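Numbering (the numbering used here), first residue to last: 39 to 320.
The structure appears below as C-alpha cells.
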Amino acid sequence: MLSYQHAYHAGNFADIHKHLTLHAVIDHLLRKDSPITFIDTHAGRGVYPLTAEETARLHEYREGVLLLWEARRKLDEEPLLAGWLAALAEAQPRAGRLSHYPGSPWWMGRRLRPRDRQLLFELHPGEHGHLTGQAPAEGVRAIHGDGLKGLVERLPVATPRLCVLIDPSYERKAEYSEVAEALLATLRKARHAVVLVWYPLLPAGRHHELLEAVKAGGIRKVWRSELRQRQPGQEARGMFGSGMLVVNPPWGLDARLADAMARVVPLLGDTADYRGDWWVGE
Ligand code: SAM
C-alpha cells in the first residue's frame, strides 16, 4: 500500500540535504560534454506549491528551505549555496517570493541538454498523474511503475554516463535491503554510474541494514553524509536526520558540500550537525 506523499514534507531539512547534494553532483557532471542518462527511481510529484493543503498542514518547509531563502543574501558568497538558491529562485512563478518547492525531477533535469535523457519512475498513480500533468520536456519520460525494478531492467543505458537517484519513502522495512540489492545490481551492470541513495535517520536505526549490505556487497568509492536536525533521543519518535550515499562521487564533492553545510547548519538550530566521510574507500 502506498500512503506516503512527499507533499507533506516538501522543502524540509532532508530535502535541502538531498537536493543540494544532487545539485552539486549534477553541476560537476555537466562540466563534461558526453551525454548522460539521469534516472530518478522515486520521483514524487515534481513541483510542490507551498500553499497546497498537504504541505501547509505540517509546513515542514518553515524549518527547512524557508530559513535558507530568508538568509539568501547572506549566503551569496558561498558558491554552491549561491547556485542552489539562484536555481530555486528560477523555479518561482513570481520573482522574489518563495511559493513553490521543486522536487528531484526538477533538480535533476533543469539543465538537461538535447543529448541527455531523464527517466522518472513513480508508482503512486496520483503522484505519477501530477508528474505527467507538468509541461513535458524534450528527452524526459515519466513512467508509472516500480523504480528499482525499472532501473535494473533498463541497464546498460545508451549514453556513456549514468546518474541515478534512489529516494524511496521506506514505508516497508524490506525497502532498506531492496535498495541495497538494486544498488549492487546497478553497479554490476554500470560500474561507473554515479548513484545517490537517500535514507532517513529514525530511532529504529534500520538504515544500518542498508549501509552494512552496501559494505558487504563489495562496492568501492561510497561516500556518506548525514545531516542531523536533532540528536537521537531528543524526541522519542520521528525522523531526526537525513542520510545520503554517493557512489562514485565527483572529485571535490565532499569539500564543496562541507563548505555549504557549514553555512546551512547554524540556520537549522543549535542541535543540528553535518558530517561526511567515506563509507567505503577506493
Ligand atoms: N524523490 C522525490 C523528491 O526528492 O522530490 C521524493 C520522493 S518520495 C520520498 C518517494 C516517492 O516514491 C513517493 O512519491 C512514492 O509514491 C514513490 N514510490 C513508492 N514506492 C515506489 C516504487 N516501488 N517505485 C517508484 N516509486 C515509488
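Note that beta-carbon positions come from the ideal geometry of N, C-alpha and C, so glycine has one too.
Here the structure is a predicted model, which means the values were calculated and not measured.
Shown here, L40 sits in coil according to DSSP, grouped into three states, outside any helix or strand. In the DSSP assignment, A180 falls outside any alpha helix (DSSP H) and lies within the beta strand (DSSP E) extending over V178 to H182.
The closest heavy atom of the ligand SAM lies 7 Å or more from the beta carbon of A129. Short note on E160: C-beta closer than 7 Å to some heavy atom of the ligand SAM.
For L240, same chain residues with a beta-carbon under 6 Å away, outside a window of 5 residues either side, are M277 in chain order. Taking the Cα of P288 as reference, the smallest distance to any Cα among R69, Y46, F51 and P152 is reached at R69. The DSSP assignment places 138–140, 155–160 and 178–182 as complete runs of the beta strand (DSSP E) inside the region 137–193, in order along the chain (cut-off: 3 residues). Residues of the same chain with a CB within less than 8 Å of the CB of R149, apart from the 5 flanking positions on each side, are I64 and L68 in chain order. Residue environment for R132: exposed (fewer than 16 other C-beta atoms within 10 angstroms of its C-beta). Secondary structure note for E264: its beta strand (DSSP E) is the uninterrupted segment V260 to R266.
Here the alpha carbons of Y237 and A218 stand approximately 11 Å from one another. By the neighbour-count criterion, in which 16 or more other beta carbons inside 10 Å mark a residue as buried, L40 falls on the exposed side. Excluding the 5 residues flanking it on each side, T79 has same chain C-beta neighbours closer than 8 Å at F159, G185, L186, G188, L189, V202, L203, I204, D205, P206 and A220, in chain order.
For D65, the enclosing alpha helix (DSSP H) has its first and last residue at F51 to L67. Within its own chain, the residues whose Cβ lies closer than 8 Å to the Cβ of R301, once the five positions on either side in sequence are excluded, are L113, E116 and L119, listed in chain order. Secondary structure at W289: coil, using DSSP grouped into helix, strand and coil. The residue from L306, K227, N286 and Y86 with its alpha-carbon nearest to that of W316 is N286.
Proximity to V318 across D297, A298, D308 and A251 peaks at A251, based on C-alpha coordinates. The way I'd put it, the region 163–173 does touch the region 80–100; three or more beta-carbon pairs between them come closer than 8 Å. For N50, the closest alpha carbon among the candidates Y99, S72 and L88 is that of Y99. Around the C-beta of G307, fewer than 16 other C-beta atoms lie within 10 Å, and the residue is accordingly described as exposed.
Nearest in C-alpha terms to T197, of all of P174, R153 and E213, is R153.
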